[in-house]
Amino acid sequence: MSLKYNLDFINDKSKKSTIKKAIAILERSYYTNLEESSFFLDPYEQEVIESIANKNNIDLKFIGGNDLAERKIFIANFFYEPIEESNYIRILEFNHQGLSHPDVLGSLMSLNIDRESIGDIVINGDCCQFVALKKYANFIKYNLKKIKREVIDIELKKDNLLDIQAIDYTRYSGFVSSLRLDNIISEFTNTSRSKAKEIIKAKFVKVNYEIITDPSKIVSKASMISIRKQGRFIFDDITATSKKGNMHITYRKLK
18 MSLKYNLDFI NDKSKKSTIK KAIAILERSY YTNLEESSFF LDPYEQEVIE SIANKNNIDL
78 KFIGGNDLAE RKIFIANFFY EPIEESNYIR ILEFNHQGLS HPDVLGSLMS LNIDRESIGD
138 IVINGDCCQF VALKKYANFI KYNLKKIKRE VIDIELKKDN LLDIQAIDYT RYSGFVSSLR
198 LDNIISEFTN TSRSKAKEII KAKFVKVNYE IITDPSKIVS KASMISIRKQ GRFIFDDITA
258 TSKKGNMHIT YRKLK
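Be aware that the sequence shown starts at 18, since it is given in my numbering, and climbs by one per residue.
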């Protein structure tokens with residue numbers, strides 16, 4: 018019997034392709050009743066896979082080095098609990114001076130490692146930590162010796178725990194005439210609604226990690242909205258409505 022699922026609601030072709038690859042792993046576990054683990058998925062992809070697993074009564078566990086991690090792999094039909102994460106993923110760390118998330122990611126990609134094999138990358142002051150599939154950990158340790166012009170010394174983190182600090186953000190509020198995405202983007206970026214539509218149609222906007230190109234999409238409370246070159250925002254709440262029907266909203270921009 019085949020897995021029950023429907024992906025027609027996913028418009029992003031790239032994301033649908035990634036999810037189909039993950040479903041293939043899920044199906045293999047389903048048919049053989051054996052444990053299988055995946056590559057790294059973003060929160061939206063995790064949500065879709067978890068829904069499919071629940072509909073088909075497949076035991077599933079997501080791990081990413083920390084419960085707060087965004088990118089995680091799944092383990093289907095796992096045999097033992099608690100799961101020993103170091104059997105699947107490893108945390109690597111190194112000290113640095115002034116390197117950024119894109120610097121680190123770009124250098125990892127230069128080793129011909131797929132983005133799907135790398136989890137969260139965390140910069141805590143002069144220490145960088147990142148998560149990788151176990152099968153690539155030693156390869157990265159012994160082959161990534163320099164990022165930009167800085168020589169680095171990568172080590173496997175002994176406790177295999179990703180140190181994620183509390184997310185810092187700035188609170189904002191403003192008025193919108195509706196919860197259409199173009200209205201929300203206009204408020205977040207302090208630009209015109211027509212410009213906001215251009216940003217959306219250029220595929221520069223993600224809502225809950227999914228690229229959205231429809232300016233009329235209604236945004237729900239607690240949605241995470243990413244805007245290229247502008248940052249990430251969380252739409253929190255509607256706190257009041259004016260006599261003219263405009264809504265006063267509160268939101269946060271992640272630092």
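By construction, the Cβ of each residue, glycine as well, lies at the ideal position given by its N, Cα and C atoms. The structure presented is a predicted model; accordingly, all values stated were derived computationally and were not measured.
No residue range can be given for Glu87, since it is assigned to no beta strand (DSSP E) and is classified by DSSP as neither H nor E. Judged by their CB atoms, Leu179 and Ile108 are nearer to each other than the 8 angstroms cut-off. About 6 angstroms separates the beta carbons of Ile36 and Leu24, which is inside the 8 angstroms limit, making them a contact pair. In this structure Glu133 does not touch Lys174 by the C-beta definition: roughly 21 angstroms separates them, more than the 8 angstroms allowed. Ala39 is a Cβ neighbour of Leu58, given a cutoff of 8 angstroms.
By the Cβ neighbour-count rule, Arg166 is exposed, with fewer than 16 other Cβ atoms within 10 Å of its own. Nearest to Lys89 by C-alpha distance, out of Val224, Phe56 and Tyr159, is Phe56.
Asn104 is positioned such that its CB atom lies no closer than 8 angstroms to that of Lys152. Distance from the CA atom of Leu85 to the CA atom of Met264, rounded to whole angstroms, is 32 angstroms. The residue from Leu51, Phe252, Leu20 and Phe95 with its alpha-carbon nearest to that of Arg188 is Phe252.
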